[in-house]
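Notes to accompany the following structure.
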Amino acid sequence: MQLSVVIPLLNEQESLTELYDWIAAVMQSNHFSYEIIFIDDGSGDDSWKVIQSLASKDQNVKGLRFLKNFGKSQALHAGFKEAQGDVIITMDADLQDSPEEIPELVRLIEEEGFDIVSGWKKKRYDSIITKNLPSKLFNWAARKTSGVRLHDFNCGLKAFKKEVVKTIEVSGEMHRYIPVLAKNAGYSNIGEKVVVHQARKYGKTKFGADRFLNGFLDLITIWFVTKFGKRPMHLFGALGVLMFLVGFGFALYLGIDKLFLDPTGRLITDRPQFYISLTAMILGTQLFMAGFLGELITRSKKTGHGHYTISETINL
Ligand code: UDP
Ligand code: MG
């Protein structure tokens, strides 16, 4: 199979038939062998019924339904697991992404050898205040911390080599950072294509204003995990030792002062150095312990799927 189109959706009953017709038309005119995988992320409307009726008419339509709303990341992950195509396309279900872009995305993966090609909604049809400006800031921060030079991380329309989606694990709300996850797994050939974007035709956006706070928190997590996830001791241990030494230095000074230089002077507990020393030593020990526990956890974690990427094997 050449192509899998993976579509996560939540309450998009009005869009689905139109979306399906459009995708099917593009697929047929390009003679792709394909599947469309709809992942119903716990919709409360008739989305699943629509998917069922589409699937009963067309063998290429596959559906997967979550018991409740788990989120777009989980939906994508489930779709990636099922996908059989050599190229995987993700797109939103709300008709904001155009299926006409698919052939060119596929060509970029197959012929230009990209691991990922991400859509770039250069001209957006969303509200300026709640979407466009915050998303500029967000994309800038994501570029700076990850080193992945994309303009539009959160674009729903993306194309992947099969092995990329089989390797990465999209959890939490990490769907915004799939290219970063891929880069961390070793797939660094990441391209970008300007795509047309349309205003939402039916329904409304499923992500509120909290998307930006959550987005930034996820960004910090991903930055941290990328940098120190495999070696927590290098951060916490170093800080801890540093803190402890500062505290110990003050304690040493106080001790020498009290014993040899000024035995009859002020009480140690009357001196600010004492409190600095105390806090620094306690914090230092705590940080060191955090690093140590982090090491134990990373070491005991099963190195299974997703923690590393194999590039080649022999006789397996
Ligand atoms: N979506 C989903 N689960 C969720 C929220 C959204 O599967 O919990 C789907 C949604 O139906 C749509 C896509 O993710 O197909 C993008 O969502 P939306 O259009 O609301 O986001 P926006 O375009 O506003 O960023
Ligand atoms: Mg949308």
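Numbered per our numbering, the sequence shown spans residues 11 to 326.
Idealized CB from N, CA, C, for every residue including glycine.
Item checked: From Tyr135, Pro189, Ala209, Leu229, residue whose alpha carbon lies closest to that of Leu147 -> Leu229
Margin query: ligand 1 and Gln23: does the residue's C-beta get closer than 7 angstroms to at least one heavy atom of that ligand?
Written below: no
Next item on the list: Could you work out which residue in Leu29, Gln23, Met37 is closest to Ser14 when comparing CA atoms only?
Entry: Met37
Next item on the list: Classify Val158 as helix, strand or coil using the three-state DSSP reduction.
Entry: coil
Notebook entry, point to check: What did DSSP end up calling Lys211 once you bin it into helix, strand or coil?
Noted result: coil
Margin query: According to DSSP, simplified to helix, strand and coil, what is Leu105?
Written below: coil
Next item on the list: Closer than 7 angstroms is what we want: which residues have a beta carbon that near any heavy atom of ligand 1? List them in chain order.
Entry: Ile17, Pro18, Leu19, Leu20, Asn21, Glu22, Ile49, Asp51, Asn79, Gly81, Lys82, Ala85, Asp102, Ala103, Asp104, Gln106, Asp136, Asn164, Gly166, Arg210, Thr215, Lys216, Phe217
Next item on the list: Using the Cα positions of Ile178 and Gly250, report the straight-line distance between them to the nearest angstrom.
Entry: 33 angstroms
Note to self: Would Leu29 and Leu115 be called neighbours here (beta carbons separated by less than 8 angstroms)?
What the structure shows: no
Check: Does the Cβ of Val204 have 16 or more other Cβ atoms within 10 Å, making it buried, or fewer, making it exposed?
Finding: exposed
Check: Can the beta-carbon of Thr289 be found less than 8 angstroms from the beta-carbon of Lys240?
Finding: no
Check: In this structure, does DSSP put His19 in helix, strand or coil?
Finding: Checking the displayed sequence, the identity of residue 19 turns out to be Leu instead of His. Leu19 falls in the strand class under three-state DSSP.
Notebook entry, point to check: Cβ of Gln23 within 8 angstroms of Cβ of Asp55?
Noted result: yes
Next item on the list: Let me know if Lys78 comes out buried or exposed under the rule of 16 or more other beta-carbons within 10 Å of its beta-carbon.
Entry: exposed
Next item on the list: Kindly give me the distance between the Cβ atoms of Gln189 and Ser128, rounded to whole angstroms, as I take these residues to be in contact under 8 angstroms.
Entry: Inspection of the sequence shows that residue 189 is occupied by Pro rather than by Gln. So it is a contact: roughly 6 angstroms between Cβ atoms.
Check: Thinking just about the alpha-carbon of each residue, which of Arg75, Asn199, Val158, Arg210 is nearest to the one in Arg134?
Finding: Arg210
Notebook entry, point to check: From Asp68 to Ala103, what does the alpha carbon distance come to, in whole angstroms?
Noted result: 18 angstroms
Check: Among Ser25, Val16, Met11, which has the Cα closest to the Cα of Gly213?
Finding: Ser25
Notebook entry, point to check: Three-state secondary structure (DSSP) at Val204?
Noted result: strand
Next item on the list: Whole angstroms is fine: what's the gap from Arg281's alpha carbon to Asn164's?
Entry: 54 angstroms
Check: Taking just the CA atoms, how far does Ser137 sit from Ile61?
Finding: 30 angstroms
Check: Where does Tyr135 sit, in a helix, a strand or coil, going by DSSP?
Finding: coil
Item checked: Local conformation of Ile126 per DSSP, three classes -> strand
Next item on the list: Would you decide whether Arg221 is buried or exposed? Buried here means 16 or more other CB atoms lie within 10 Å of its CB.
Entry: buried
Next item on the list: Express the C-alpha separation of Ser181 and Ala248 in angstroms, rounding to a whole number.
Entry: 30 angstroms
Margin query: Using C-beta distances below 8 angstroms, list every residue in its chain close to Met184, excluding the 5 sequence neighbours before and after it, in chain order.
Written below: Ser83, Leu191, Asp228, Ile232
Notebook entry, point to check: Near Phe260, what residues of its chain come up, given a Cβ to Cβ distance below 8 angstroms and the 5 sequence neighbours on each side ignored?
Noted result: Gln283, Phe284, Ile286, Ser287, Ala290
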